[in-house]
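Participant: Let me begin by handing over the structure; questions about it come next.
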Amino acid sequence: MDLYSYILSIASLLLFLYIFSRKTPKNSKKNCIPEPSGSLPLIGHLHLLGGKEPLCKKLATMADKHGPFYSLKLGTHRVLVVNSWEIAKACFTDNDRNLGTRANTAGGRYMGYNNAIIAFAPYDEYWRNIRKMAIVELLSSHRSEKLKHIRFSEMDSFVKELDGLSRNGDKVTISEALERLTFNINLRMLIGKRFSGNDYGEVNSEPCRYKTAIKRALYLFGIFVLADALPWLERFDIQGHVRSMKETAKELDSIISVWLGEHLKKNRENQGASESDFMDVMLTHLPEDTVISGHTRDNIVKATTLARGVHGTGRVGFGKHISDHHMGIFCTTKPPTTLMATQQELDHHVGRDRWVEESDIHNLKYLQAIVKETLRLYPPGPITGIREAMQDCNIVGYDVPKGTRLVVNIWKLQRDPRVWENADEFRPERFMTTHVDLDVRGQNFKYIPFSSARRSCPGITFGLQLVHLTVAN
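Read in order, the letters of the sequence shown are residues 255 to 727 in my numbering.
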């Protein structure tokens, strides 16, 4: 088919859909989920989600107009948007198992080793086995304690470096310093390697390539790919995102494959893995002939290493890369009273003769409140990953067909004025008074910065340890 015939066919299809949509009565079903007006043939509401405003804010504005639970037609898919804690609770309790699978997206296919990354994996045997391994073997309290010396030594080097630069009157870019700290802690835990600041700045060096590719992957995981809404457009790759994903995936795989080869060689020479880092642990618990849901041992190890690298170095939020502890430090220093109260608490419980240690965090209630309030206003993922109904179900009285997709707007949910007084203001004191009972682990649906239920983030404990320690010091 030549280009002219192709365009003519598309135009005819659009005309047919337009006429059909005008003849089809709207809201013909009795318990129809509210839907914004303006849906167009073929693309649905896609055109309403464009522009520079963050998606979480666009969806929040729609919620103000159409209510906390509404439906969007995005290309070939129906997507439900949840903006209140009551409906989120219904999704994550009564329907959590049915909504436990992930939508098949370009990011998971091309950069996640064909959905082998746990965050993109469908709800099946593979997801259950790898999540269990991650929680029990990689992210447990026991493993965290064994790797505590890495966090402490890197934090010690980090603080001493900043102190030296400050004493010399040198300018310090906190975001860059925190980035190096985070990368080094994660790489040492992942593969047992550490790199200097010069290594990260040397073009074509292994750490520079890895850092660049990870940051690129973070961006690509968080953007909208047109083919996810209109699958038939994937072959044309109009946005160029699929090509970028394939190139980024190739670069990351080449680096991680080298690390895997080094570990396999070391283990052969030592007649077994030493479990000194995450990759060693995975190789110990996954026999060489392992195949789960079509994923080989090597791909499982590489995908899990990549997942930890992505989630350990940052999140995608508001359309850009945001460091949780960077935002925490910013929020701490912005109101002078907050900074003063934090310093007084540190002076009382720690003093000024030593650095803050992980054992001190339990006593630093105000510091914990600062981190909680930061995560309330700036959740690591403002919108949850896309869930998909595996069977027909009912959510708060609405019938939801199999295959319907669903997201929760955590950014909106955690700024609900019914729950939070002066919801848009930074007030850590609320977590020491009216909301002292709320925890970050998603048990109370009014506060779910890391999502909730079976698809919640398994690395919460690891992440919070680093954030608390960084902000305190």
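From the three backbone atoms N, C-alpha and C, an ideal C-beta is built for every residue, glycine too.
(1) Within the segment 327–403, note down every full beta strand (DSSP E) run reaching 3 residues or more, in order along the chain.
(2) What residues in its chain sit with their C-beta under 7 Å from that of residue 304, if we drop five residues either side in the sequence?
(3) Work out the CA separation of residue 459 and residue 366 for me, nearest whole Å.
(4) Using a Cβ-Cβ cut-off of 6 Å (strictly less than) and excluding sequence neighbours within five positions of residue 320, which residues of its own chain qualify?
(5) When DSSP builds the beta bridges, which residues end up paired with residue 662?
(6) CB residue 393 to CB residue 712, shorter than 8 Å?
(7) Is residue 462 helix, strand or coil when you go by DSSP?
(8) Taking 6 Å as the limit between beta carbons, can you name the residues of its chain near residue 654, skipping five residues before and five after?
(9) In angstroms with no decimal places, state the Cα-to-Cα distance between residue 278 and residue 486.
(10) Using the rule of at least 16 other Cβ atoms within 10 Å of the residue's Cβ for burial, across every protein chain shown, is residue 645 buried or exposed?
(11) Along the chain, where does the alpha helix (DSSP H) containing residue 701 start, and where does it finish?
(12) Would residue 451 be called buried (16 or more neighbouring beta carbons within 10 Å of its own) or exposed?
(13) To test your reading of the DSSP string, which unbroken alpha helix (DSSP H) runs of 4 or more residues are found completely within the segment 575–649?
(14) With DSSP run on the structure shown, which of helix, strand or coil describes residue 301?
(15) Checking the sheet assignment: what are the DSSP bridge partners for residue 428?
(16) Which partner residues of residue 546 appear in the DSSP bridge assignment?
(17) Which residue comes first and which comes last in the alpha helix (DSSP H) that contains residue 694?
(18) Can you tell me which residues form a DSSP beta bridge with residue 294?
(19) Do the segment 485–504 and the segment 540–549 make contact, defined as three or more Cβ pairs closer than 8 Å?
(20) Alpha carbon to alpha carbon, what distance is there between residue 726 and residue 597?
(21) Taking the straight line between their C-alpha atoms, what separation do you get for residue 570 and residue 476?
(22) Please name the residue or residues paired with residue 806 in a DSSP beta bridge.
(23) Are there 16 or more other CB atoms within 10 angstroms of the CB of residue 504, so buried, or fewer, so exposed?
(24) Under the three-state reduction of DSSP, which class applies to residue 410: helix, strand or coil?
(25) Mind checking whether the beta-carbon of residue 326 lies closer than 7 Å to any heavy atom of the ligand NAP?
(26) Helix, strand or coil for residue 325? Go by DSSP, reduced to three states.
(27) Nearest by alpha-carbon distance to residue 640: which of 355, 563, 327 is it?
(28) Counting C-beta neighbours from all protein chains within 10 Å, is the total for residue 591 16 or more, i.e. buried, or is it exposed?
(29) Based on the DSSP output, what are the partners of residue 652 in its beta bridges?
(30) Looking at the secondary structure, which residues open and close the alpha helix (DSSP H) in which residue 533 lies?
(31) Which residue comes first and which comes last in the alpha helix (DSSP H) that contains residue 310?
(32) Rounded to whole angstroms, what is the Cα-Cα separation between residue 378 and residue 362?
(33) Tell me the DSSP secondary structure of residue 287 in three-state form.
(34) If I measure Cβ to Cβ from residue 383 and keep anything under 8 Å in the same chain, skipping five residues before and after, which residues do I get?
(35) Where does residue 715 fall in DSSP's three states?
(36) Pull up the distance between the alpha-carbon of residue 375 and that of residue 659, whole angstroms please.
Facilitator: Taking the coordinates as given:
(1) 331–336
(2) none
(3) 24 Å
(4) 288, 290
(5) 336
(6) yes
(7) helix
(8) 643, 647
(9) Bear in mind that the predicted position of residue 278 carries a pLDDT of just 46, short of 50, making it unreliable; the figure below should be weighed with that in mind. For residue 278 and residue 486, the distance between alpha carbons rounds to 25 Å.
(10) exposed
(11) Premise fails: residue 701 is in no alpha helix (DSSP H) and is neither H nor E.
(12) exposed
(13) 578–587, 590–603, 619–631
(14) helix
(15) None; residue 428 has no bridge partner.
(16) 549
(17) Unbroken run through residue 694: none, as it is neither H nor E.
(18) 298
(19) no
(20) 9 Å
(21) With a pLDDT of 34 at residue 570, under the threshold of 50, the modelled position of this residue cannot be trusted; read the value that follows with caution. If I take the Cα positions, the gap works out to 6 Å.
(22) Lying outside 255 to 727, the shown extent of the chain, residue 806 is not represented and no answer is given.
(23) exposed
(24) helix
(25) Among the components of this structure there are no ligands whatsoever, and the ligand NAP is therefore not found.
(26) strand
(27) 355
(28) exposed
(29) 649
(30) 532–539
(31) 309–320
(32) 15 Å
(33) coil
(34) 546
(35) helix
(36) 15 Å
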